[in-house]
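Contents: one structure, followed by commentary.
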Amino acid sequence: MARYDVQEAGFGTAGSSTQADVLFQLGMMYATGRDCDVDLVAAHKWFNIAAIKGSERAAELRSELAAGMSKPELAKALRDAREWMTMH
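Going by the working numbering, the residue at position 40 of the sequence shown is 20; the numbering climbs one at a time, nothing skipped.
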């Protein structure tokens, strides 16, 4: 399972509000279970979208998560990300 830096669970530097940062935080929320149940499929989805929007750290964490996920879980995360991207 991926390891997360405790400082990454916060909202980053003051004034950072880019879309990639917000999407990265959604991934962290689901990956760590902050204010919700841990959901690795949802975490992968949000890290994937944040990576597409330019977050290098999200791309790294997405890869770490993928290593511990089943093929059906990965497929669902990718479908969910694609669906979100077509809607936004």
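Think of the CB as a built atom: it goes at the ideal place given N, C-alpha and C, for glycine as much as any other residue.
Chain-order list of residues whose beta-carbon lies under 8 Å from that of residue i (same chain, five-residue window excluded)
i: D15; result: M9
i: A11; result: A(-18), Y(-16), V18, L20, A23, F27, L41, L45
Through-space distance from residue j to residue i, alpha-carbon basis
i: D60; j: V2; result: 17 Å
i: K51; j: F4; result: 22 Å
i: M67; j: L54; result: 20 Å
i: A23; j: M65; result: 15 Å
i: M49; j: K25; result: 12 Å
i: K56; j: E63; result: 10 Å
Residue i, DSSP secondary structure in three states
i: S43; result: helix
i: D60; result: helix
i: G7; result: helix
i: D17; result: coil
i: H24; result: helix
i: M65; result: helix
Classification of residue i by the beta-carbon crowding that lies within 10 angstroms, buried from 16 upward
i: S43; result: exposed
i: A47; result: exposed
7 Å CB neighbourhood of residue i in its chain, flanking five on each side removed
i: A30; result: A0, L3, F4, G7, A38
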